[in-house]
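Protein chains in written order, with my numbering: chain A, 1 to 422; chain B, 1 to 445. Don't be surprised by glycine CBs; every beta carbon is placed ideally from N, CA and C. A quick note: this is a predicted structure, and the numbers were derived from the prediction, not measured. Okay, structure first, notes after.
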Amino acid sequence: MSIIIRISSKKKISPFLAKIFILLSIVGPGLITANIDNDAGGIATYSLVGAATGYRLLWVLFPITVALIMVQEMSARMGIVSGKGLADLIREKFGLKVTFYTLIFLVFADLGNTMAEFAGIAAAGEIFGINKYVSVPLCSIFVWLLIIKGDYKIVERVFLAGCSIYLSYIVSGFLISPDWQMISTSIVIPNLNDITMTDMPLIVGLMGTTITPWMQFYIQSAVVEKGIDIKHLWHSKIDVIVGCLFMFTVTLFIIVCCAATLHSSGVVISDAKDAALALEPLAGKYASALFGIGLFNASIFAAALLPLATSYYVCEGLGWESGVDKTFKEAPNFFTIFTLLIFIGAMIILIPNINLFKILIWSQVANGILIPIILLYIVKLCNDPDIMGDYTNTPAYNIFSYVIILFMLIINISMIYFEFFN
Amino acid sequence: MSIFDKFPDILIHFSKLLGIPLYSESNIKMGTLSDVFVDYAEVYPVALAIQFVKNKQFFYVNWDDVEQFTYKKIIIRNSIDIGRSRTFPKVNKKPKSYSVLSEQFTGETTEYPAIGKVILDRQIVDTSGKKVVRVNDIQLIKTGKNLRVTHAEIGLRSMIRRLGYEKFVDGVFSIFAPNSKYLYRDTQINWKYVHAIPDKSVSKNLKINLYNDQITKLHPADLADILEELDTVSRDQLFSDLDPKLAAETLAEVEDEYQVNLVKNKPAEEVAEIIGNMDTDDAVDILDDFDIEKAEEIIANIEDTDVQDDITELLEYKEDTAGGLMSTEVFEVSKTFKKSDVISLIQEKDEDLETIYDLFIIDEKFKLQGSCTLRSLLIQKSDVMLSEIMVEKDIKSLCPETHWKEVASYMSKYNLINVPIIDNENELLGIVSVDDLLPWLLNEK
């Protein structure tokens with residue numbers, strides 16, 4: 001017994017610290033997922049919103065964040081209680097047919113998303129004067145090797161460290177020194193009178209890039225992988241909330257950056273690269289460079305995680321072997337899917353004179369059709385006592401969820417309408 | 001008239017049964033087939049009853065009451081008992097044979113879950129291929145008046161069948177590649193190798209005992225791979241059903257990241273029982289990942305006090321040093337021992353010893369005096385004293401602080417299978433054997 005006492009005096013920690021440690025060990029899935037949300041497409045949308053409308057639409061972030069928290073909380077809870085991924089649960093509850101077509105849509109949507117990431121890499125390169133025919137092939141090879149040779153855990157950790165680059169947007173925001181009072185009023189008080197028809201596609205875009213189908217799969221798998229115990233359900237909720245609030249802050253600052261500079265001087269932009277370049281004369285070289293680095297970080301990690309994650313879900317749902325530690329012979333489908341996603345995603349960006357915009361619209365359409373369906377699955381699964389036991393949704397939670405789904409449906413139908421008919 | 005009069009097929013796929021309408025003899029529609037109840041107690045389970053659904057409510061009808069069976073419709077006798085339940089109350093007779101699922105269901109009458117609910121679209125363990133797979137379809141065969149389950153189907157063909165493209169894809173293949181393997185063979189698992197892991201909702205209502213021969217006969221390393229591939233709930237369930245010894249062997253093989261998760265939620269006594277069965281070096285690896293209070297509680301619960309002491313000692317060393325790698329289960333003998341003593345000691349202590357390639361001769365104060373390979377002992381006469389044959393000079397040994405890379409190069413240089421670890425006073429602390437180093441060399445740590 002003497003030896004035991006000796007060890008304990010060496011390593012004993014206070015109960016308060018122990019609680020912090022538990023929290024830290026559980027924090028991660030929510031924060032990472034929320035951060036991948038701010039990918040190339042997201043940054044582009046936020047920049048456009050800031051440049052086109054100034055602070056006027058900031059209040060929209062508030063309901064979006066609440067919806068995101070609720071949706072992700074359900075996915076995280078499902079992961080913890082059932083110990084299974086979302087594709088897994090969809091397969092077991094809704095059968096092979098439903099799973100198959102859902103996954104086909106997911107692959108299609110994620111191919112578009114991967115393209116958007118490579119477009120982001122190309123744009124970030126161009127901010128620093130690097131040709132896309134150099135940056136995109138190099139980055140796609142890097143991303144592919146990272147998946148094949150790298151440890152998934154390490155990739156994720158590097159990514160988490162990379163998330164701190166998002167703080168650069170906040171730094172940018174302070175360097176620009178915007179009108180804080182006006183910002184805070186626009187967040188809290190919705191300015192419904194000034195909404196014009198041209199705002200609608202922007203609001204739709206904001207929601208569409210924030211709540212995406214693959215993230216629901218992602219957060220659930222991340223939670224399952226961590227093996228979080230039901231006892232720590234509450235910590236996981238904090239993780240989700242913290243992650244979403246972080247996303248909220250970063251989004252806010254990107255919009256603010258663009259609003260304070262581009263909007264007030266009337267610059268018209270069409271993508272994130274324009275935003276970064278336009279920032280330079282207005283806010284200084286550093287603000288522009290930080291913006292570029294942030295975009296690059298967001299794009300390259302999403303370009304690594306998205307194809308990999310998609311490949312995992314497809315294999316999980318269809319019962320094919322998966323895992324980067326397997327050989328090609330053991331898991332051929334797994335390797336083929338993510339390699340093709342990266343390869344096709346990068347190649348299309350490199351086709352000269354290609355109309356990227358059209359391709360991205362189609363991927364957004366796939367996302368848009370998929371997300372209400374996925375959310376419906378999630379709510380259905382969350383209400384199944386066979387899966388959730390005592391942790392099913394409360395009726396109030398369900399009502400809120402259905403309202404969110406209804407909104408997503410309306411928003412995505414209108415997104416398709418705006419993009420095709422306007 | 002017999003039940004299968006208008007049904008010439010022999011092989012039947014479960015997916016094709018779903019949705020067949022049920023009619024009574026007087027041609028009243030009763031519902032549509034939604035699942036089948038089978039007798040899990042048999043090696044190739046026979047169909048006991050049909051589950052059907054009408055207005056979203058579930059009913060069952062005994063197989064014996066089925067009058068006629070075709071893909072178009074199933075006719076059921078008039079005026080028979082129809083149960084309203086999602087499960088089937090099986091009256092238990094003594095099981096004639098053992099099957100994978102049979103022993104899960106014991107008791108007077110047991111509420112059997114339907115086979116589709118337990119197997120279809122779910123992950124199962126293929127105990128023959130030693131893999132976790134997902135079931136696309138279930139194959140049944142017609143035997144006399146009965147249907148029996150024979151295979152779980154997991155291949156591409158069954159997937160395409162479920163998607164409803166079987167005819168189309170078959171047609172394409174028979175035109176362009178008539179000899180393709182696709183047309184003649186699909187990946188299937190014989191039912192006797194199917195090990196299902198029922199859901200919480202199924203196992204909650206059943207006194208479930210997943211102990212079965214097939215799975216416990218697997219090598220712990222294969223079992224560990226299977227555990228890693230399962231989802232967390234099934235993983236915990238399968239692991240909990242292993243007896244402490246097999247659990248210990250398996251746990252040692254499971255990758256680090258899953259190890260703690262498998263045992264962290266168990267009460268200290270249970271963990272202690274598993275860990276007490278492990279080699280001390282593996283046990284310490286796991287204890288290292290617990291917080292200190294839980295680790296102490298577990299150690300205090302280990303029955304064997306020697307093991308307790310060894311583990312607490314080992315916990316002192318860093319994981320990547322000789323001290324962290326070494327096992328304290330050393331074959332220690334005194335120099336006064338004769339060959340016959342050693343042999344009988346081996347027979348007696350076999351269970352506790354990781355390796356016996358080398359004997360280490362110690363004095364009363366546990367100081368290392370010499371070593372002797374088992375080989376050099378075996379070729380001697382039975383009354384030879386260890387003191388006569390042991391090597392005393394220049395014994396290859398290391399101190400516990402040595403980094404694992406140095407341990408590896410040292411062992412490689414002198415071609416050692418084991419290296420004794422001693423402290424400053426020449427006291428024998430333990431041995432590091434080659435297989436303790438392999439994971440580090442293979443970058444698995």
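- Runs of alpha helix (DSSP H) with 4 or more residues, each lying fully within the stretch 370–433 of chain B, are found at 374–378, 386–389, 404–413, listed in chain order.
- Buried is the label assigned to Val204(A), since at least 16 other Cβ atoms lie within 10 Å of its Cβ.
- Shown here, Glu303(B) sits in coil according to DSSP, grouped into three states, outside any helix or strand.
- Sequence-ordered contacts of the stretch 222–233 of chain A with chain B read Val224, Gly227, Asp229 [C-beta pairs closer than 7 angstroms].
- A Cβ-Cβ separation of about 12 angstroms leaves Pro45(B) out of contact with Pro113(B) under the 8 angstroms criterion.
- Between the stretch 67–86 of chain A and the stretch 259–278 of chain A there are fewer than three C-beta pairs closer than 8 angstroms, too few to call the two in contact.
- Leaving aside the five residues that flank Glu228(B) on each side, the residues in its chain whose CB is nearer than 7 angstroms to its CB run, in chain order, Val254, Glu255, Tyr258.
- Bounds of the alpha helix (DSSP H) holding Pro220(B) are 220–229.
- Taking 8 angstroms as the threshold, the shortest C-beta distance from Arg185(B) to chain A does not fall below it.
- The C-alpha of Leu315(B) is placed about 54 angstroms away from the C-alpha of Ser47(A).
- Per the DSSP secondary-structure output, Gly208(A) pairs with nothing in a beta bridge.
- When only Cα atoms are considered, Glu316(A) and Asp241(B) end up about 25 angstroms apart.
- When the Cα atoms are used, Asp325(A) and Lys131(B) turn out to be separated by approximately 15 angstroms.
- Ile138(B) places its beta carbon 8 angstroms or farther from that of Val125(B).
- Counting only the Cα atoms, Cys244(A) lies some 33 angstroms from Thr336(A).
- No residue range can be given for Val254(B), since it is assigned to no beta strand (DSSP E) and is classified by DSSP as neither H nor E.
- With the criterion set as a beta carbon lying under 7 angstroms from some beta carbon of chain B, the members of the stretch 81–99 of chain A are Ser82, Gly83, Lys84, Asp88, Arg91, Glu92, Gly95, Leu96, Lys97, in sequence order.
- By the rule that beta-carbons nearer than 8 angstroms mark a contact, Asn265(B) touches chain A.
- Per DSSP, the continuous alpha helix (DSSP H) segment holding Asn333(A) begins and ends at 332–350.
- Taken through DSSP and simplified to helix, strand or coil, Pro89(B) comes out as strand.
- Against chain A, a Cβ distance below 8 angstroms from Leu163(B) picks out Leu96, Lys97, Phe100.
- Taking 8 angstroms as the upper bound on Cβ-Cβ separation, chain A lies near residues Asn136, Ile154, Met159 of the stretch 136–161 of chain B.
- Bridge partners of Ser327(B) according to DSSP: Ile431(B).
- In this structure, the straight-line span from the alpha carbon of Val223(A) to that of Ile80(A) is close to 6 angstroms.
- Using beta-carbon distances, Val407(B) does not count as an interface residue toward chain A, since no partner is under 8 angstroms.
- According to the DSSP assignment, Val136(A) belongs to the alpha helix (DSSP H) that extends over 132–149.
- Think of a sphere of 8 angstroms around the beta carbon of Arg134(B): the chain A residues whose beta carbon falls inside it are Arg91, Leu318, Gly319, in chain order.
- Taking the Cβ atoms as the reference, Gly292(A) lies roughly 4 angstroms from Ile127(A), within the contact range of under 8 angstroms.
- Taking 8 angstroms as the cut-off, the beta carbon of Ser387(B) is found closer than this to the beta carbon of Lys335(B).
- Contacts with chain A at 8 angstroms (Cβ-Cβ) include Asn261(B).
- For Val71(A), the three-state secondary structure derived from DSSP is helix.
- Think of a sphere of 9 angstroms around the beta carbon of Asp231(B): the chain A residues whose beta carbon falls inside it are Ser82, Gly83, Lys84, Gly85, Asp88, Val224, in chain order.
- Separation of Tyr182(B) and Leu246(B) (C-alpha to C-alpha, rounded to the nearest whole angstrom) is 39 angstroms.
- If you check the CB distance, Asn78(B) and Glu25(B) come in under 8 angstroms.
- Sorting Ile378(A), Ala67(A), Leu106(A), Ser135(A) by C-alpha distance to the C-alpha of Gly368(A) places Leu106(A) at the top.
- DSSP places Val284(B) inside the alpha helix (DSSP H), whose first and last residues are 280–288.
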